[in-house]
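With my numbering, letter number 335 in the sequence shown gets 318, and the count goes up by one each step, no holes.
For glycine and all other residues, C-beta sits at the position ideal for the given N, C-alpha and C.
Take a look at the structure set out below.
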Amino acid sequence: MRMTILVTGGAGFIGGNFVLDWLAAHEETVVNLDKLTYAGNLQTLAGLRDNPRHLFVQGDIGDRALLAALLQQHRPRAVINFAAESHVDRSIHGPGDFIQTNIVGTFNLLESVRAYWQELPDAEQAAFRLLHVSTDEVYGTLGAADAPFSEQHRYEPNSPYSASKAASDHLVRAWHHTYGLPVLTTNCSNNYGPYHFPEKLIPLVILNALAGKTLPIYGDGQQVRDWLYVKDHCAAIRRVLAAGQLGETYNVGGWNEKTNLEVVHAICSLLDELRPRADGQPYAAQISYVQDRPGHDRRYAIDARKLERELGWKPAETFASGIRKTVQWYLDNDEWINGVSSGQYRDWLTTQYGA
Ligand code: NAD
Ligand code: TYD
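Structural data, given as C-alpha cells:
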C-alpha cells in the first residue's frame, strides 16, 4: 500500500484542519498542493515546518504538467480535493475565479488523476481513491417545513459559487461513470472552527466584536444554516475515504440548525463571559442590520443519516461545545489573526461592507 496522500487546498480552512489532524493520527506523508490565493494561509501550517511527512507545493489544480509531475514523483494512494473558491459573497462580486478553479480546475485535476490512475499496477489501481469535497449549497434552498437535504435531493444551485460546485460534482460523477475513476463525493453543511478566514460569518463576528466594530446581519437574520464543527467534518472525510462505496455521495452535517441571529447572539454571550467589554455593555449592542445578499438562500439543513447508517459517523460536537471552542481559539491565537488581517483583507471589507 502506498504511504502518501495528495491534498489540494490544504492551506485553506477545512483543508488545513484536515492536514493537521491527518498528520497527528496517521503515519502517511501528505503532499499539500495549494495555490495560496487570499484564502490560503501558510501560518495555519506553521506547526508542520519541521515535519518531514508534510510537503507543501504552491500551485494550481488546473496545472496539468505540475499535477502529472507530482503524481509521478509521489505516487499517492489517494487525492482529496479541497481546493476551491469558497465564498458566496465573492462569487457575487466576481464569478470568474469560481468558474476557473471550481469547474475548469476540477476538470484538469480529474484528467491528471485519470492519466495517473490508469497506469497504476492492478492492486494499486484498485486501492486508489479520489475524494471530492463539496457543499450542501448545490441543493439550493429549503422552506421552513421542508425535510433536510438527503443525497437524493435534486441539484438547484442559486449562487455563482454553488453553481460552480454543482458543476464540479457532475464532472466527478461523470468521470466515475464514464472512465471508472474511483471517486467519492462529500456534500457538507457550513463548517466552523479554528483557522476560519474572517470573511465568513462566525470568525467575522468574533473579530469585529473584539475590535469594537458593528456585527453585520444580512436582511432579517432569520436565514438558517446547519453548523458543522470542522474537526467533525475532517473525521467524516477520513471515514468516507476509508470505507465509502465508490461513486457514492455522502452528506455531512452537524444536526445544528440555527438562524444567523441565534449564532451571533451565541458568540456575543460567550464573549461577554470570556472577554467582557471594558464599558460593561453587552457585545450584542454592536449588532447592525445591513442590506441582504442578493439571491440569499433561506435555509440549509443536512440529513446525515446515510453516513451514520452505512459508515458509523456522527458529529462529536454540539453547537454549544463547538462554538465555545471556536471563540476560545480566536481569543488565544492573536498571531494567526494578525497574519490574516492584512491590507488585502481590509480591501475586501470595504468592498463588501463599505467604509
Ligand atoms: P477556503 O477558501 O478556506 O480554502 C480554499 C483553499 O484552496 C485555499 O487555501 C486556496 O488557496 C486554495 N485554492 C483556491 N484555488 C486553488 C487552485 N486553483 N489550485 C489550488 N489551490 C487553490 O475553503 P474551505 O472553507 O476550506 O473549503 C474547502 C472545500 O470545502 C471547498 O471545496 C468548499 O467548497 C467546501 N465547503 C466548504 C464549506 C465551509 O463551510 N467552509 C462548506 C461546504 C463545503
Ligand atoms: P457565510 O459564512 O458567508 O456562509 P454561506 O453563505 O456559505 O452559508 O454566511 C453564513 C450566513 O450568514 C449566511 O446566511 C449569510 C450570513 N451573513 C451575514 O448575515 N452577515 C455577514 O457579514 C456574513 C459574512 C454572512
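Could you check whether residue j and residue i sit closer than 9 Å to each other, using their CB atoms as the reference points?
i      : j    : result
W210   : S172 : yes
Y138   : Y122 : yes
R221   : A8   : yes
D72    : R276 : yes
L167   : L103 : no
T232   : N170 : yes
T(-13) : L16  : no
L53    : V40  : yes
T12    : H70  : no
D215   : E120 : no
Y361   : V213 : With the chain covering only -16 through 338, there is no way to say anything about residue 361.
S74    : S147 : yes
A66    : G30  : no
V347   : A287 : The structure shown does not extend to residue 347, since the chain spans only -16 to 338, so no value can be given for it.
L193   : L254 : yes
I270   : I200 : yes
If you run the structure through DSSP and keep just helix, strand and coil, what is residue i?
i      : result
S252   : helix
M(-16) : Bear in mind that the predicted position of M(-16) carries a pLDDT of just 48, short of 50, making it unreliable; the figure below should be weighed with that in mind. It is coil, neither helix nor strand.
A67    : coil
Y175   : strand
N170   : strand
S324   : coil
R281   : coil
Assign residue i to one of two classes, buried (16 or more other C-beta atoms within 10 Å of its C-beta) or exposed (fewer than that).
i      : result
A48    : exposed
N321   : exposed
A61    : buried
P298   : buried
R292   : exposed
G263   : exposed
L3     : buried
E318   : exposed
S304   : exposed
M(-16) : With a pLDDT of 48 at M(-16), under the threshold of 50, the predicted position of this residue should be treated as unreliable, though the coordinate-derived value follows. By the 10 Å Cβ count, M(-16) comes out exposed.
D330   : exposed
What are the uninterrupted segments assigned as alpha helix (DSSP H) that are 4 or more residues long and contained completely in the stretch 184 to 265, given in chain order?
The stretch 184 to 265 contains these whole alpha helix (DSSP H) runs: 184 to 193, 213 to 226, 243 to 257.
Could you tell me which whole beta strand (DSSP E) segments of length 3 or greater appear in the stretch 97 to 162?
Given a length threshold of 3 residues, each whole run of the beta strand (DSSP E) inside the stretch 97 to 162 is given here in chain order: 112 to 118.
Identify every run of the beta strand (DSSP E) within the stretch -14 to 74, keeping only runs that are complete inside it and at least 3 residues long; order them along the chain.
Runs of the beta strand (DSSP E) inside the stretch -14 to 74: -13 to -9, 12 to 17, 37 to 41, 61 to 64.
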